[in-house]
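**Q** Structure below; questions to follow.
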Amino acid sequence: MALHAFPAIPPTPPTAQTSGTAHSAPTALWLCCYLPHLPLEVFGLEDHHPAAAWVDSGGRSLISAVTPAARFFGVRPGLPTNAALASCADLRLYRRDERMERETLERLAEIGLGFTPWISLDYPAALLLEIRGSLTLFGGLESLIQRLRAELEALGHRAVFAAAPAPFPAWLMASSDLERTLEEPTALRSGLGDLAIARLPLERDTVSRLAKAGLHTLRDLWRLPRDGLARRYGLAVLRQLDRAAGREKEILQLFKSPPVFEAHRELAAETGNLAHLRPMCAVLLEDLVAFLRRHDAATDRLELDLSHFRRPATRLELKLRYASRDPERISMLLNERLERTPLPAAVTALSLRCDSLQPYRAHETDLFAADTPGALDWETLLEQLQQRLGRDALRFLATAADHRPECAWEWNESPSGFALGKGRRPLWLLPKPRPCDPTRYRLLPERERIESGWWDGAPIRRDYCVAVSPDGVRAWIYQELDGDGGWYLHGLFA
Amino acid sequence: MNRNIAFGHALRFAELHCLSNYSFLRGASHPEELVETAACLGYAALALTDECSLAGVVKAHLEARRHGLKLIIGSEFRLENGPKLVLLATDREGYAQLSGLITAARMDAPKGRYRLDRGSLERHPLDHCLALWLPDETPEPEQGLWLKERFYDRLWIGVGLFLSGAERKRLNRLFKLGRELGLPLVACNDVHMHAPDRRPLQDTLTAIRLNRPLSELGYAMFPNGERHLRPLSRLARLYPPELLAETVRIAERCRFSLDELRYEYPAELVPEGHTSTSWLRHLTEEGVRHRWPDGAPDKVRQQIEHELALIADLAYEPYFLTIHDIVRFARERGILCQGRGSAANSAVCYCLGITEVDPGRLDLLFERFISRERNEPPDIDVDFEHERREEVIQYIYRKYGRQRAALAASVITYRSRSAVRDVAKALGFSREQVDHLAGAAHFLSGDDLDAERLQAAGFDPKNPKLRLLAGLVDLLRGFPRHLSQHTGGFVIAADALPRLVPVENAAMPERTVIQWDKDDLEALGLLKVDILALGMLTVIRKTLAYVSDRGGEALTLDRIPAEDPAVYAMLQRADSIGVFQVESRAQMAMLPRLKPKNYYDLVIQLAIVRPGPIQGDMVHPYLARRSGREPVTYPGPEVRKVLERTLGVPIFQEQVMQIAMVAAGFTAGEADQLRRAMAAWHRRGGLEKFERRLIEGMRERGYSAEFAEQIYRQIKGFGEYGFPESHSASFALLVYVSAWLKCHHPAAFTCALLNSQPMGFYAPAQLVQDARRHGVDVRPADVRYSDYDCTLEGPLSESPALRLGLRLVKGLSRQGAESVVAARLEQPFADVADLIARAKLDRRDTQALAAADALHGLARHRHRAFWDVSAQQRPTPLFGQPVFEEGEPLLRPPREGENIVADYASTGLTLRRHPLSLLRSRLAARRLLSAEELRALGHGRFARTAGLVICRQHPMTASGVVFLTLEDETGQTNVIVWPGLVQRQRHIVLQAGLLAVHGEIQEEDGVLHLVARRLEDLSRWLGDLSVPCRDFH
């Protein structure tokens, strides 16, 4: 029987009560796990190496995060990279990779799912976990944090933990490097009084204008008349203050593991006969297609495991040239592969797994295929050829703009346009020039001199000419201008 | 083969299409290299045909003269949607036509580009030019026909053969085309480099030009290196003989040489009935009567006659008249100005009012006037008040018109850093690597890469790409990149300037530059007038005005008494902040040692603290002789005459030149060549050939080898920074005047300095502190009292107080400041809201005023001021400024430290306590001494101190030494950081705002330095206190 495995997602989102409601129900407790060094941790950098991540800011490269060793040399976030290099010549520079950071956070969120189902990645560089319900299970907040910290550290991540009845104050404390727990909503105002206004997500200009009036901490703001504050510095300030005090309801987007399709089928009897395996595959594929439809997705990669008795399973990896959920197409390709895969023993069971989901695009449906059969045939043919011969065996020939004849063409993964140089070129170029005796040829008078390629370690300096051999074949030969001045045969004209 | 070579010898050939590196990022050779190679290969002539440019022709011309090669002047053009062609000048008129066409094409496009189409070519007369049509891959006969209509029998089809593999076909096609159109063919080789080994550089230039790495250039680069000057024998094998012979026929028709250019002076300065000679005499005599109402002394009279005769001989009158006219204009407008330079210190210039250096007051000074045999154009630079120089420039444009006046060019060349950057990009290094490499540029020079440093920067010195980079950078360094405008060198012509040299747009709107730089002008004997800007003249004029406004009687320059002992006493104490020139650290260190007592001592003081005397080891001997510790001796009697005024020690550039003549037997002409070589050797080298000649010449005449070596070292030291006595003499006058003003009117002098910023060596903070040390009452910027400028206030009977102006408030617009002042004049401000409403200030201005604490009189303290100005609303037309009733906010007044930080951030200075006095107890706990305590310790003692870094200098003469000036509440400390320590603690040296220094005290003649052994960055103690620091390189 096919079986779809999902991580358990609670049927209802968590109701994170805030102090705004006077219910006696236990208030939510949000744990923020803030990763201050994430931009560098994704590169696996160590503290004692001067290294920094940089970002592209309007055409300038600016430092965005630095290791302690780099900080020692005076490298600070915001510095242009060349200024940073002027302070520390040994500095290693990495372009900041926000996609990788996001992926890392998602991986860490999977770990968090072991502690609570309610996790959000809505705040930058942080996991937010609602853990009120998990406290008893993990023996209290302290020990929960300890366990989570240990799991993160094992993966090379250092986190700052703080907990509060609402996500925002928790994140505010953790991102201010404040490891603190404020369980009661009423404790928030006094507990956060020392935090810098600069930590609030306000316009930089607003923060600096506040600082100029001597206003640096949340407490400074809480002492001022609200109307006067709003008139001078805008409503955003009040809103952030209320958020910090837990007075504003927040709805977070919950993290979900990406869906994975996994299905397994035991065979009634062992068999090595493909004719028996094919229908089984077809059933699995049907389930897969149904799964893909449900997620409005297509796939470009799947794995089929064929189990054997007391032997490691045979694994087929199927890569598609473009994502699809057409059962016929996938089935045809899978069968191609099956036919070419030798089976070491009889098969006892089949498992199909697919974790690469792509957004489904309508133009791949067969609806249009009928109108442009030629185009689709061509693609399908290429795909079939690639499946049969292997991806590396099928490549496309293209020209490359280079004066050196041997560099003037290249292999491509996909077909590309043609651009030719001016010179006269033979159709067939020898894989390697072969020494030859020019006296055996009749040389045509015109010479073509090619001197190029000095920059990449393959320089040439040659005089080419067209030569006619005694048996009337027109050849392309050249004389080296450097070294021994020897003559070589390089190609033949049709 | 043999026959070919023999034929090659008989062959005569002229290259008619050749680009130098003045076709920026195309040509890969200097003009000189091209000329030299063409001469060596036996070419009959060479045409330099840079693309729409004549910027390289003078350099080529000089080199061609040296080799006896015929140089043809031409230029290459690509017309928009039209043919590409080369134009060659046949005679002076043809040259003028060519230069005019380039000017028109350049003026029609933004800086650095040109625009030429068929229409503009048709409009332009070119009947004295020859044209080579360079057809494209597929020639369009229509282009040929159109050109033929323009040029008739002065048009050829230019054929270039570069071993492309399909040349017979092309040649046949062009022959056919020639027959059809009735046009002869001629060989021309599109030369881009003088030798084939420049091919990598030429490819690299293409990559830089197209902003693509070499690996992606593809067919955009040439397939081979054939576009160089090829030997005649090879050309003979490539081209049909008639095509080569035709080159010589064309060359023979081009008879123009740059030597024919004669500078014609503007004539309108001479009134009817006068010749230029008689008019100059008239003006000079007028000046004599003004300068010496009782008649000039005999000596001066003799000198005037001598000079006038010489000027008339060389026909330089119009030059003097031109400068006189400019100076007269400035005087009429009340703009202070002063001439300097060799000719400026002549008696005639003194009479004409160009300079104030009295020839009667100094004798030996003017030997290097204009020399008859050298035929060297006179050199006069005129300094004007820096804030009003533009008026003078606009006067010149107005008087002579843009057709006749333009600025000289200054050729911007590749330096190591820029070369590394561009070449590394072309070689495909990543952006970070390019940054890395540019930082390591100076390790990448020549064959011996600094392996260790490159490794440290993360590069493998054995990496072949790095070798390529180093080699290419070496070649590219010194290549011209673009033309920029010279600081103030004007060329003024009698008629249209474009007939003399092409004129193009400068980066500044409404400015035009010619395509030649000052070396080119000098080489051709063309005159330029240097209109320079000098901040100190502004300061002097303003000080005089401030003093006059408060005093009963107007103070003018001629009322300043000469040789006031109080002034010299002040200078001897090195109390010279703000004084012209001698305020720099090095000058200040020299003052107590040299102890100037009179004007001529100042002339020496200015010249001695320069690379020349320092590298020639002349400083210590001079000081020793001056203080009587060493006897005054002379190496010989001829030299005595030259060196007597400087106690036997050569200090001035003129003296060294004279020594070369009297002691080494140089002729005047040779000495002049030496002077030019001196000015250029840093860039081009070429001084070595004089070394042997000089040293041997002196040995032969009985001078010691030691003395000779010393003179040679000094010559090298003068280099580009040569400071001749003639300049020193003019500058010394300004030193004296500014010192006198500082000594007697410190408040007015500081006020003028502050109102002329940015200028000088010190920031406003140091100027204000210095004024307060001299007892000036300095008051803060305040909207209730301040004007835009700083002002003097207080009763006239007392010495004035200095009120800081709103101009010091960072971020405040001038318009905002002025409307504050205007609104205040109507009625004093009631409160901040009143100020904002009546002065109609925008948010930026009010924030700036609050930040500067200029509102403290209305808002009590800075925090409250910000709170108040933040409530500002745009007044509505109907209700005016809305009024809100608000509770009193609970705002904490700023602490002293916060105020100090904010003062610095907004105005760059504070009138409160020095920030270090707040830190003193913490500093003392670390046993860090104050500047004052340091002075109490003696020479050789180890000590530690800390201070704000207010000045950082890396003089080029000091090979990596960094000089720091630290400041605390008790004064300043000079710190010397040797290169070793700079390398070890580089980031601290470059970045620290508050620095602790452990080191050894060195004291000599009352001048104290701390030689650093260890540095510590204490900047974090300052919080975010940003102290303005001036970095000098």
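Chains as they are written, first to last, in the numbering used here: chain A, 1 to 494; chain B, 10001 to 11033. Glycine is no exception: its CB is placed at the ideal position from the N, C-alpha and C atoms. Please read these numbers as outputs of a predicted model, since none were measured by experiment.
Out of B:Lys10742, B:Val10783, B:Gln10710 and B:Arg10170, point me to the one whose CA is closest to B:Gly10616's CA.
**A** Among B:Lys10742, B:Val10783, B:Gln10710 and B:Arg10170, the Cα nearest to that of B:Gly10616 belongs to B:Gln10710.
**Q** Report the CB separation of A:Leu108 from A:His157 in whole angstroms; it is logged as a contact under 8 Å.
**A** About 7 Å; that satisfies the 8 Å criterion.
**Q** Which residues in chain A have a C-beta closer than 9 Å to the C-beta of B:Asn10463? List them in chain order.
**A** Neighbours of B:Asn10463 on chain A: none; closest Cβ ~11 Å, over 9 Å.
**Q** Mind the definition here: the region 10565 to 10572 of chain B touches the region 10595 to 10603 of chain B only if three or more C-beta pairs lie below 8 Å; say whether that holds.
**A** The region 10565 to 10572 of chain B vs the region 10595 to 10603 of chain B: in contact.
**Q** Taking the C-alpha atoms as reference points, what is the distance between B:Ala10044 and B:Leu10161?
**A** So the two alpha carbons sit approximately 20 Å from each other.
**Q** Rounded to the nearest angstrom, what separates A:Leu62 and A:Arg92 at their Cα positions?
**A** The alpha-carbon atoms of A:Leu62 and A:Arg92 are separated by roughly 14 Å.
**Q** Would you say A:Ala58 faces chain B, with C-beta separation under 9 Å as the test?
**A** The sequence shown places Gly at residue 58 of chain A, not Ala. No, its Cβ sits nowhere closer than 9 Å to a Cβ of chain B.
**Q** Report the option in B:Ala10677, B:Ser10627, B:Arg10699 and B:Trp10867 whose CA atom is closest to the CA atom of B:Val10662.
**A** Nearest of B:Ala10677, B:Ser10627, B:Arg10699 and B:Trp10867 to B:Val10662, Cα basis: B:Arg10699.
**Q** What is the DSSP secondary structure of B:Arg11014, counted as helix, strand or coil?
**A** Here B:Arg11014 sits in strand by DSSP.
**Q** Tell me the DSSP secondary structure of B:Glu10583 in three-state form.
**A** Coil, per DSSP.
**Q** Please give the ranges of any beta strand (DSSP E) in the region 10796 to 10861 of chain B, keeping only runs that are unbroken, at least 3 residues long and fully inside the region.
**A** DSSP runs (the beta strand (DSSP E)) wholly in the region 10796 to 10861 of chain B: 10801 to 10803.
**Q** Quick one: grab the DSSP three-state call for B:Arg10511.
**A** Looking at B:Arg10511 - three-state DSSP - the assignment turns out to be coil, as it is neither helix nor strand.
**Q** Does any CB atom of chain B fall closer than 9 Å to the CB of A:Asn273?
**A** Chain B contact via Cβ: absent.
**Q** Alpha carbon to alpha carbon, how far is B:Gly10353 from B:Leu10521?
**A** If I take the Cα positions, the gap works out to 26 Å.
**Q** Cβ of A:Ser452 less than 9 Å from any chain B Cβ?
**A** For A:Ser452, the answer is yes, since a Cβ of chain B falls inside 9 Å of its Cβ.
**Q** Going by beta carbon distance, what residues of the same chain come within less than 6 Å of B:Asp10519, once the five residues before and after it are set aside?
**A** Same-chain partners within the cutoff: there are none.
**Q** What residues match up with A:Arg311 in a beta bridge as DSSP calls it?
**A** DSSP output for A:Arg311 lists A:His308 as bridge partner(s).
**Q** Please specify which runs of the alpha helix (DSSP H), each continuous and at least 4 residues long, are wholly inside the region 10689 to 10762 of chain B, giving them in chain order.
**A** Counting whole runs of 4 or more residues, the region 10689 to 10762 of chain B contains the alpha helix (DSSP H) stretches 10705 to 10718, 10725 to 10744 and 10746 to 10754.
**Q** Which chain A residues sit within Cβ distance under 8 Å of B:Gly10887?
**A** Under the 8 Å cutoff, chain A gives Pro225 and Gly228.
**Q** Can you give the Cα-Cα distance for B:Ala10010 and B:Tyr10239, rounded to whole angstroms?
**A** Using only the alpha carbons, I get a separation of about 15 Å.
**Q** Starting from the C-beta of B:Val10191, find all residues in its chain whose C-beta is less than 8 Å away, skip the five residues before and the five after it, and write them out in chain order.
**A** So the qualifying residues of the chain are Glu10015, His10017, Cys10018, Leu10019, Leu10034, Arg10227, His10228 and Leu10229.
**Q** Give the C-beta separation of B:Glu10853 and B:Pro10764 to the nearest angstrom, bearing in mind that I take them to be a contact with Cβ-Cβ under 8 Å.
**A** Looking at the sequence provided, one finds Asp at residue 10853 of chain B rather than Glu. Their Cβ separation, rounded to whole angstroms, is 15 Å, which puts B:Asp10853 and B:Pro10764 out of contact at 8 Å.
**Q** So, for B:Asn10021: in the same chain, excluding its five sequence neighbours on each side, which residues have a beta-carbon less than 7 Å away from its beta-carbon?
**A** So the qualifying residues of the chain are Gly10027, Ala10028, Ser10029, His10030, Phe10479 and Pro10480.
**Q** Can you tell me the Cα-Cα spacing of A:Thr365 and B:Arg10209, whole angstroms?
**A** For A:Thr365, the pLDDT reaches just 48, beneath the cut-off of 50, and the residue's location in the model is therefore unreliable, although a value from the coordinates is still provided. Spanning the two alpha carbons is a distance of roughly 48 Å.
**Q** Would you identify the three-state DSSP class for A:Phe396, choosing helix, strand or coil?
**A** Residue state, collapsed to three classes: strand.
**Q** Going along chain B, which residues have a C-beta under 9 Å from A:His403?
**A** By Cβ distance, chain B contributes Gly10218, Tyr10219, Met10221, Phe10222, Pro10223 and Asn10224.
**Q** Rounded to whole angstroms, what is the Cα-Cα separation between A:Leu284 and A:Leu350?
**A** Those two C-alpha atoms are separated by around 9 Å.
**Q** Kindly provide the ranges of any beta strand (DSSP E) runs that are 3 or more residues long and lie completely inside the region 10597 to 10644 of chain B, ordered along the chain.
**A** Counting only runs of 3 or more, we get nothing.
**Q** What residue range does the alpha helix (DSSP H) around B:Ser10418 cover?
**A** Ser10416 to Ala10426 is the extent of the alpha helix (DSSP H) around B:Ser10418.
**Q** At the 9 Å Cβ level, is A:Ala400 part of the contact set with chain B, yes or no?
**A** Yes, because at least one Cβ of chain B sits closer than 9 Å to the Cβ of A:Ala400.
**Q** Can you tell me whether B:Gly10165 is buried or exposed, with buried defined as 16 or more other CB within 10 angstroms of its CB?
**A** It counts as buried.
**Q** State yes or no: is the C-beta of B:Thr10965 within less than 9 Å of the C-beta of B:Arg10952?
**A** Their beta carbons are under 9 Å apart, which means B:Thr10965 touches B:Arg10952 by this criterion.
**Q** Report back the beta-carbon spacing between A:Phe255 and A:Leu148 to the nearest angstrom; my notes put them in contact at under 8 Å.
**A** The Cβ separation is near 15 Å, so there is no contact.
**Q** Do you know offhand how far A:Arg95's Cα is from A:Ala162's?
**A** Using only the alpha carbons, I get a separation of about 30 Å.
**Q** Given A:Arg447, which residues of its chain have a CB within under 6 Å of its CB, disregarding the five upstream and five downstream residues?
**A** For A:Arg447, where only same-chain residues beyond five positions count, the Cβ hits under 6 Å are Asp463 and Cys465.
**Q** Excluding the 5 residues flanking B:Arg10291 on each side, which residues of the same chain have their C-beta closer than 7 Å to its C-beta?
**A** The answer, listed in chain order, is Tyr10350 and Cys10351.
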